[in-house]
Structure formats: C-alpha cells, structure tokens
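Trainee: In terms of my numbering, the sequence shown opens at residue 33 and continues consecutively. Ideal Cβ placement from N, Cα and C applies to all residues, glycine included. Quantities reported herein were computed from a predicted structural model and do not represent experimental measurements.
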Amino acid sequence: MKVTVNINLGGYAFNVDDDAYERLRQYMKNLEKEFSGESSSAEIMSDIEGRIAELFRMKLNSYKQVITMKDVEEVMSILGTPEAISGGDPSAEEPPRGQRRIYRDPEGRIIGGVCSGLAAYFTWDPLIMRIIFVALVLAGGFGIALYLVLWIVLPEAKTTAQRLEMRGDPVTIENIKDSVKREFETVKKKMNL
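1) Mind listing, in chain order, the continuous alpha helix (DSSP H) runs of no fewer than 4 residues lying wholly within the region 54-142?
2) Measuring alpha carbon to alpha carbon, tell me which residue in 62, 208, 165, 51 is nearest residue 194.
3) Name the residue from 59, 101, 146 whose alpha carbon lies nearest to the alpha carbon of residue 114.
4) In whole angstroms, give me the CA-to-CA distance for residue 97 and residue 83.
5) If you measure between the beta carbons of residue 47 and residue 38, is that distance less than 7 Å?
6) Grab me the residues of residue 175's own chain with a C-beta within less than 6 Å of its C-beta, minus the 5 sequence neighbours each way, in chain order.
7) Given this structure, state the Cα-to-Cα distance separating residue 261 from residue 215, to the nearest angstrom.
8) One question on the structure: do residue 52 and residue 99 come within less than 7 Å of each other, judged by their Cβ atoms?
9) If you check the beta carbons only, do residue 112 and residue 81 fall under 7 Å apart?
10) Less than 6 Å between the CB of residue 192 and some heavy atom of the ligand FMN, yes or no?
11) Grab me the residues of residue 78's own chain with a C-beta within less than 6 Å of its C-beta, minus the 5 sequence neighbours each way, in chain order.
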C-alpha cells in the first residue's frame, strides 16, 4: 500500500505517490533555484509547471489515476535537468525535434492566426499561405469557408509549450526558458517605443 499526495500543478489536481511527489518537489525546487536570477523567472516556472501538468494528464486514464515515480522520471527526461541548462551536465545531448502540431498562431495573426499557424506547421513563410487563401477566395470563394472552418477547428497556441510544438521544437526546459526570455524582451521593446 502506498500513500498518495494531492497536488495542484498548472491548474490541475493530481494524485501523486509520496515518493514521486518528493522527487517532483526536489526537481521543481532545483528549477526555481536555477531560474532565480532571471527577470522572468515566474513566467518561466509557470510555463514549465503547465507543461509538466500537460504531460501528466496524458499519462492518466480511467484505469490509471495516480502519478508514479516512473511517470515523474519520464517527464523529467523529456524536459531535461536544470544541470543540463546551466552547462553542468556535459553528457546532455541535443533533444530530438518534437512532433509538430497545428495551432492558430496568435503572434503572427492578421485576422485569426490560421495562415500563420499553418505556415509554422509547414515551415513556410506566412505570406505564401495568405496568398494561397486569397487565391482560393478569388477562385470561387472556397477560401473564406475553409478559413472559417479552420478558425473554429484549430486551437490557438496559448502556452509557450504549444508555440514550441507548433514550430516542431522539443518542449524542454531550456527551450521554454529561451522562448519566455524572447517574449519578455519583445514586450519590453514594445513598451519602450
């Protein structure tokens, strides 16, 4: 018999084995220490926590309701260690490219982000995708209906992890950190204008 702990991670409640909870707590503490000097550390930690919650949710089903030590170790191997980020782990290798997912891109949108999201998925320039949709509109109006359907069906890339998945980048701690830093610098530049 094992003791489980109820935790809230990324806005979701999870039942976690007590040994897995201790491992996860230590991992999160190490991450907080690693990012404590960053100006956007709260945002970075929030995105990492959201990604961990997303990975945990994929591991649960109607038969499995508790996060185990194996699940925590798998999530840690996907995201990477704080030591690998700071350069303390020379054995850390570059993670493989992630699987691409289609999202609407809110950052590059003109209307709904459908064209920029599809362009990110296919690694095209968004202008090419927009020209294709305009050509479909001029060729009988099919482009408008297709755009509206895609706008409704495709989810918007709201989190950093979703934006990384949209571009096919692996969702690791280092990539989340770099992405949040870029977003923070972009906002900072826009505020200074």
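Mentor: In short, the structure shows the following:
1) 73-91, 101-111, 114-118
2) Your numbering for residue 194 matches position 162 in the sequence shown. With distances taken between Cα atoms, residue 194 lies closest to 208.
3) Numbered from its first residue, the sequence shown carries residue 114 at position 82. Each of 59, 101, 146 was checked against the Cα of residue 114, and the nearest Cα belongs to 59.
4) To locate residue 97, count along the sequence shown from 1; it is residue 65. To locate residue 83, count along the sequence shown from 1; it is residue 51. So the alpha carbons of these two residues sit roughly 18 Å apart.
5) Reading the sequence shown from its first residue, position 15 is the one you call residue 47. Reading the sequence shown from its first residue, position 6 is the one you call residue 38. Going by beta carbons, residue 47 and residue 38 fall inside the 7 Å limit.
6) The count along the sequence shown starts at 1 and reaches residue 175 at position 143. The answer, listed in chain order, is 165, 168, 169.
7) This structure cannot settle anything about residue 261, because the visible part of the chain is limited to 33 through 225.
8) Translated into positions along the sequence shown, residue 52 becomes position 20. Translated into positions along the sequence shown, residue 99 becomes position 67. Yes, these two residues count as a Cβ contact at 7 Å.
9) For this step, residue 112 is matched to residue 80 along the sequence shown. For this step, residue 81 is matched to residue 49 along the sequence shown. Not closer than 7 Å, so no.
10) The ligand FMN is absent from the structure shown, which contains no ligands of any kind.
11) In the sequence shown, residue 78 corresponds to position 46, counting from 1. Within the same chain, residue 78 has no close Cβ partners at all.
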